[in-house]
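K.L.:
Please find one structure pasted underneath; my questions will follow.
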Amino acid sequence: MISPFKAAATALMIASSAAGFAHAADENNVAAGLTAAGAPLGLHGSDPVALIEIGNRVEGRADYTVVEDGVAYYFATKANMNAFKKNPDRYLPQNGGFCTFGVSVGKKFDGDPQYAAVRDGKLYVFLNEDIFRNFQKDEAGTIAKAEKNWQKIQHTAATDL
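So the sequence shown is residues 257 to 417, counted in our numbering.
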């Protein structure tokens with residue numbers, strides 16, 4: 257028979273873990289479910305270092321995984337994984353990986369790394385090709401609006417916007 261203390265401790269541990277994943281899902285654009293690392297997947301499994309360093313989407317591998325702020329990121333190579341570990345802030349997508357245009361209008365839309373831009377060393381992702389082309393018409397304005405709005409909506413669930 258399990259002691260009441262053990263049962264309470266286990267329940268608290270499970271609740272705390274679930275709250276952490278809910279937090280990650282609210283503030284970061286992640287896939288549903290968990291990776292083998294125990295965290296939801298960010299950037300659709302794309303390697304964030306490759307996106308910034310070579311400007312192309314490269315699929316990451318589960319055996320090169322880093323969990324940062326409750327989100328699992330996959331990397332194509334061990335070198336990319338190590339570069340991320342040394343300086344995650346350099347490689348994390350802006351706006352939690354949500355579509356930059358969406359954030360600029362106060363929403364959290366999926367950010368697809370297939371439609372990504374690196375500006376001033378920062379990674380921005382977009383919902384689709386049409387949205388990406390719209391961003392290209394006023395990049396600085398869209399980024400400025402997104403930066404301002406992100407401060408307001410960062411801690412709000414996408415469904416509440």
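Just so you know, even glycine gets a beta-carbon here, dropped at the ideal spot from N, CA and C. Computed from a prediction, not measured in an experiment: that's the story for all the values here.
Could you tell me which residues DSSP pairs with Y329 in its beta bridges?
P.N.:
Y329 is bridged to V322.
K.L.:
Mind checking which residues open and close the beta strand (DSSP E) that includes L379?
P.N.:
Its beta strand (DSSP E) spans residues K378 to F382.
K.L.:
Report the option in G326, A306 and W406 whose CA atom is closest to the CA atom of T291.
P.N.:
Of the candidates G326, A306 and W406, the one whose C-alpha sits nearest the C-alpha of T291 is G326.
K.L.:
So, using beta-carbon positions, are R317 and F340 closer together than 8 Å?
P.N.:
Result no, Cβ atoms of R317 and F340 do not sit closer than 8 Å.
K.L.:
Pick out whichever of M337, V359, L297 and L299 has its Cα sitting closest to the Cα of T412.
P.N.:
Checked all of M337, V359, L297 and L299; the closest Cα to T412 is V359.
K.L.:
For V314, does the three-state DSSP call read helix, strand or coil?
P.N.:
The answer is coil: DSSP assigns V314 none of H, G, I, E or B.
K.L.:
If you measure between the beta carbons of D366 and L383, is that distance less than 8 Å?
P.N.:
Yes. Within cutoff.
K.L.:
Which two residues bound the contiguous alpha helix (DSSP H) that contains A400?
P.N.:
E395 to I409 is the extent of the alpha helix (DSSP H) around A400.
K.L.:
To the nearest angstrom, how far is the alpha carbon of S302 from that of E315?
P.N.:
Each residue's alpha carbon lies about 5 Å from the other.
K.L.:
Out of A293, A306, T321 and A328, which one is the CA nearest neighbour of N284?
P.N.:
Closest option to N284, Cα to Cα, is A328.
K.L.:
Is it the case that the Cβ atoms of L417 and K364 are separated by a distance below 8 Å?
P.N.:
Yes.
K.L.:
Would you kindly check if the distance between the Cβ of F391 and the Cβ of T415 is under 8 Å?
P.N.:
Cβ atoms of T415 and F391: not closer than 8 Å.
K.L.:
Quick check on the burial criterion: 16 or more other C-beta atoms within 10 angstroms. Buried or exposed for A402?
P.N.:
Its Cβ being crowded by 16 or more others within 10 Å, A402 is buried.
K.L.:
Tell me whether the beta-carbon of L299 lies closer than 8 Å to the beta-carbon of P344.
P.N.:
Contact: no.
K.L.:
May I ask you to report which of helix, strand or coil DSSP gives P282?
P.N.:
The residue you asked about is not Pro; residue 282 is Asp in the sequence shown. Note: D282 maps to helix in three-state DSSP.
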